[in-house]
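A.B. asks: Next up is a structure, given as structure tokens.
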Amino acid sequence: MLMGEAMTSTFVMAAPWWRSDIGRLLTIRGGKPLVGRYPISGAKNAALPLMVAALLTPHLVTLRNLPGNLDVAVLASLLQRLGCEMHWSATESGLAVTIAAARVRPAGIDRDLVSRMRASVLLLGALLARCGEANLPLPGGDAIGLRGIDFHVTGLRAMGATITLDGGTIRATAAHGLHGADILLPQPSVGATENLLLAAVLATGKTTIGNAAREPEIGDLGACLTAMGARITGIGSHTLTIDGGLALAGAVHTVLPDRIEFGTLACAAAATDGELVLPNGRIDLLGAAAPLFDAAGVAIREVDGGVIARRAGDGLRGIDVTTGPYPEFATDLQAPTMALLALAVGASAITETVFEQRFGHVDELRKMGANISVRGRTALVRGVPRLHGASVTCTDVRAAAALVIAGLNASGETILGGLDHLDRGYDRMAEKLAAVGADLVRSGGNG
Ligand code: UD1
Numbered sequence: 412m413l414m415g416e417a418m419t420s421t422f423v424m425a426a427p428w429w430r431s432d433i434g435r436l437l438t439i440r441g442g443k444p445l446v447g448r449y450p451i452s453g454a455k456n457a458a459l460p461l462m463v464a465a466l467l468t469p470h471l472v473t474l475r476n477l478p479g480n481l482d483v484a485v486l487a488s489l490l491q492r493l494g495c496e497m498h499w500s501a502t503e504s505g506l507a508v509t510i511a512a513a514r515v516r517p518a519g520i521d522r523d524l525v526s527r528m529r530a531s532v533l534l535l536g537a538l539l540a541r542c543g544e545a546n547l548p549l550p551g552g553d554a555i556g557l558r559g560i561d562f563h564v565t566g567l568r569a570m571g572a573t574i575t576l577d578g579g580t581i582r583a584t585a586a587h588g589l590h591g592a593d594i595l596l597p598q599p600s601v602g603a604t605e606n607l608l609l610a611a612v613l614a615t616g617k618t619t620i621g622n623a624a625r626e627p628e629i630g631d632l633g634a635c636l637t638a639m640g641a642r643i644t645g646i647g648s649h650t651l652t653i654d655g656g657l658a659l660a661g662a663v664h665t666v667l668p669d670r671i672e673f674g675t676l677a678c679a680a681a682a683t684d685g686e687l688v689l690p691n692g693r694i695d696l697l698g699a700a701a702p703l704f705d706a707a708g709v710a711i712r713e714v715d716g717g718v719i720a721r722r723a724g725d726g727l728r729g730i731d732v733t734t735g736p737y738p739e740f741a742t743d744l745q746a747p748t749m750a751l752l753a754l755a756v757g758a759s760a761i762t763e764t765v766f767e768q769r770f771g772h773v774d775e776l777r778k779m780g781a782n783i784s785v786r787g788r789t790a791l792v793r794g795v796p797r798l799h800g801a802s803v804t805c806t807d808v809r810a811a812a813a814l815v816i817a818g819l820n821a822s823g824e825t826i827l828g829g830l831d832h833l834d835r836g837y838d839r840m841a842e843k844l845a846a847v848g849a850d851l852v853r854s855g856g857n858g
């Protein structure tokens with residue numbers, strides 16, 4: 412979906428740093444090794460639930476190291492419509508925002524904004540807990556599977572909410588407030604774990620969330636909620652226990668670095684045979700991706716304040732990858748890794764187990780000369796020495812990153828459309844890449 416002008420102006424109001432004039436097309440002339448410093452931003456997937464957490468208290472919540480991406484801008488617009496006041500500042504370590512949610516009104520959520528971002532479903536738990544009601548259009552986001560919200564709805568119902576789906580709108584009430592419950596998630600959903608955690612900290616009594624997701628971004632949310640006065644145990648394990656019902660205070664919290672941006676840029680350094688210094692990169696957050704990158708010939712080593720990433724001396728090698736919940740190989744690194752393995756010596760089998768449709772990038776990579784075939788949930792990749800430029804379209808956030816990596820390697824010109832997807836997930840990626848030697852330009856009207 413392209414950004415309309417009316418939509419753009421709402422971002423400018425709520426997120427004044429958002430640049431809406433950056434162009435709808437990205438042209439990359441590949442073949443330049445990436446060399447230099449590429450600072451890793453705060454994690455998108457931590458920033459979004461942390462911003463929603465500010466709804467839980469009338470006191471000020473300050474978040475530092477926020478990434479300046481489109482999802483953050485959209486969520487800022489949504490929060491503003493819910494009555495939050497926000498004060499932004501740009502610091503050396505990224506954006507900072509102070510959110511004042513003294514007066515929250517649980518109405519007026521814009522269908523167009525919600526349809527842009529699946530994480531908007533997190534507003535459900537927070538608004539129910541704070542206001543006792545929430546009306547939310549069904550959330551959108553990437554076209555990478557059914558991505559139901561049944562785990563969210565079932566959990567919130569167990570906590571006393573009445574929830575109906577009516578003409579594409581979720582109507583939720585908790586007339587007598589939410590109460591604690593024992594909830595077992597059918598699978599460790601990141602969003603459901605966060606939604607239920609956000610609701611449980613204000614719900615009266617004890618909540619347990621079994622089969623909880625263990626992604627580091629949930630740990631970051633837990634740390635901020637704890638700083639606000641919530642009582643949570645088991646963060647980082649499969650069972651979270653929350654003693655809810657306390658009024659929460661404000662807090663100042665620094666968003667943890669983005670492990671997906673980090674992994675993606677490590678792949679980009681290796682794919683272009685360059686060497687990137689990635690300040691704030693954290694190998695310890697990569698989980699299973701760390702040894703697999705090593706096996707594939709992506710050499711990463713810690714230095715003071717970050718990581719150096721480059722191609723290993725003996726080149727890129729095919730490996731087998733299976734995605735899974737953290738600490739297994741992140742599904743969000745699957746597409747960028749596929750772009751890398753398309754250039755490796757030998758064959759790779761990449762199996763996607765988290766989402767049922769997350770191979771949208773395969774057809775686009777093929778247009779660039781990649782040798783990839785899909786059988787069910789597995790993509791078989793046979794490496795080629797080099798890709799070639801083509802006109803391609805980003806189909807989701809991580810597919811966009813994969814196509815950028817492919818374009819940086821390819822001979823000739825690669826022209827990427829569908830850049831909303833790139834902008835949703837990454838803070839000024841084209842600008843940051845240009846600063847490390849990439850030959851690329853954004854053009855073609857407002858982005
Ligand atoms: C989050 C991340 C996304 C990442 C994903 C998996 C954010 C903003 N997004 O998405 O980048 O790719 O985790 O690491 O943090 N499911 C259901 N019913 C539900 C909830 C989930 O069937 O109620 C299914 C989904 O369809 C999917 C799987 O569970 O197949 C995992 O989804 P989930 O972990 O919830 O992903 P998100 O929170 O949407």
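Note that my numbering gives residue 505 to position 94 of the sequence shown, counting from 1, and the numbers run on in steps of one. Even for Gly, the Cβ is constructed at its ideal location relative to N, Cα and C.
Given a cut-off of 8 angstroms, decide if valine 808 and alanine 753 are closer than it, judged by their beta-carbon atoms.
C.D. replies: no
A.B. asks: With a cut-off of 8 angstroms on the beta carbons, I'd call leucine 474 and alanine 458 a contact; round off their distance for me.
C.D. replies: 7 angstroms
A.B. asks: Hey, would you say the C-beta of phenylalanine 766 is under 7 angstroms away from at least one heavy atom of ligand 1?
C.D. replies: yes
A.B. asks: Using a 10 Å radius around the Cβ and a threshold of 16 neighbouring Cβ atoms, would you call leucine 524 buried or exposed?
C.D. replies: buried
A.B. asks: If you draw a straight line from the alpha carbon of alanine 846 to that of lysine 443, how long is it in whole angstroms?
C.D. replies: 12 angstroms
A.B. asks: Below 8 angstroms, can you find three or more Cβ-Cβ pairs linking the region 559-578 to the region 597-605?
C.D. replies: Three or more beta-carbon pairs drawn from the region 559-578 and the region 597-605 are found closer than 8 angstroms, and the two stretches are therefore classed as touching.
A.B. asks: For glycine 794, does the three-state DSSP call read helix, strand or coil?
C.D. replies: coil
A.B. asks: Tell me the residue span of the beta strand (DSSP E) that contains glycine 828.
C.D. replies: Where glycine 828 is concerned, the enclosing beta strand (DSSP E) stretches over 824-828.
A.B. asks: Evaluate glycine 556 with the Cβ neighbour count: other Cβ atoms within 10 Å of its Cβ, from every protein chain shown; 16 or more gives buried, anything less gives exposed.
C.D. replies: With a pLDDT of only 43 at glycine 556, under the threshold of 50, the placement of this residue in the model should not be trusted; the figure read from the coordinates follows. That one is exposed.
A.B. asks: Rounding to the nearest angstrom, what Cα-Cα distance links glycine 729 and alanine 501 in this structure?
C.D. replies: 41 angstroms
A.B. asks: Could you say which of Glu686, Leu687, Leu727, Gly692 lies nearest to aspartate 705 if we only look at CA atoms?
C.D. replies: It is Leu727.
A.B. asks: Considering only DSSP beta bridges, list what valine 714 is partnered with.
C.D. replies: Beta-bridge pairing links valine 714 to Gly717.
A.B. asks: Could you check if methionine 424 is buried or exposed, using at least 16 other CB atoms within 10 Å of its CB as the buried criterion?
C.D. replies: exposed
A.B. asks: Would you tell me roughly how many angstroms separate the C-alpha atoms of alanine 723 and leucine 667, rounded to the nearest one?
C.D. replies: As the crow flies, the alpha-carbon of alanine 723 is around 28 angstroms from that of leucine 667.
A.B. asks: Would you identify the three-state DSSP class for histidine 832, choosing helix, strand or coil?
C.D. replies: helix
A.B. asks: Kindly give me the distance between the Cβ atoms of threonine 619 and isoleucine 646, rounded to whole angstroms, as I take these residues to be in contact under 8 angstroms.
C.D. replies: Going by Cβ atoms, the distance from threonine 619 to isoleucine 646 rounds to 13 angstroms, so no, they are not a contact pair.
A.B. asks: Beta-carbon within less than 7 angstroms of cysteine 635's beta-carbon, same chain only, minus the 5 sequence neighbours each way: which residues are those?
C.D. replies: Leu461, Ala464, Ala662, His664
A.B. asks: With C-beta atoms as the reference, is leucine 798 less than 8 angstroms away from asparagine 820?
C.D. replies: yes
A.B. asks: As an exercise, report each continuous alpha helix (DSSP H) stretch of at least 4 residues that is fully enclosed by the region 686-755, in chain order.
C.D. replies: 700-707, 745-752
A.B. asks: Below 7 angstroms CB to CB, which residues in the same chain sit around alanine 700 once its five sequence neighbours on both sides are set aside?
C.D. replies: Gly674, Phe740, Ala741, Leu744
A.B. asks: So what's asparagine 820 in DSSP terms, helix, strand or just coil?
C.D. replies: helix
A.B. asks: Who pairs with tryptophan 499 in a beta bridge, going by DSSP?
C.D. replies: Val508
A.B. asks: Report the residue from Thr825, Gly771, Arg839, Phe422 whose alpha carbon sits nearest the alpha carbon of glutamate 672.
C.D. replies: Arg839
A.B. asks: How far does the beta strand (DSSP E) with proline 548 in it reach, from first residue to last?
C.D. replies: 544-548
A.B. asks: Can you tell me where the beta strand (DSSP E) holding isoleucine 594 begins and where it ends?
C.D. replies: 593-595
A.B. asks: The beta strand (DSSP E) with glycine 447 in it runs from where to where?
C.D. replies: Note, glycine 447: beta strand (DSSP E), 446-448.
A.B. asks: Cα separation between alanine 710 and arginine 721?
C.D. replies: 5 angstroms
A.B. asks: So, at 6 angstroms on beta carbons, what are the nonlocal neighbours of proline 469 in its own chain, with the 5 sequence-adjacent residues on each side left out?
C.D. replies: Ala513
A.B. asks: Excluding the five sequence neighbours on either side, which residues of its own chain have a C-beta within less than 8 angstroms of the C-beta of proline 738, listed in chain order?
C.D. replies: Arg625, Gly698, Ala699
A.B. asks: Could you pull the DSSP bridge partners for alanine 603 from this structure?
C.D. replies: Looking at the DSSP assignment, alanine 603 forms no beta bridge with any residue, so it has no partner.
A.B. asks: How about isoleucine 643 and threonine 637: do their beta carbons lie closer than 8 angstroms?
C.D. replies: yes
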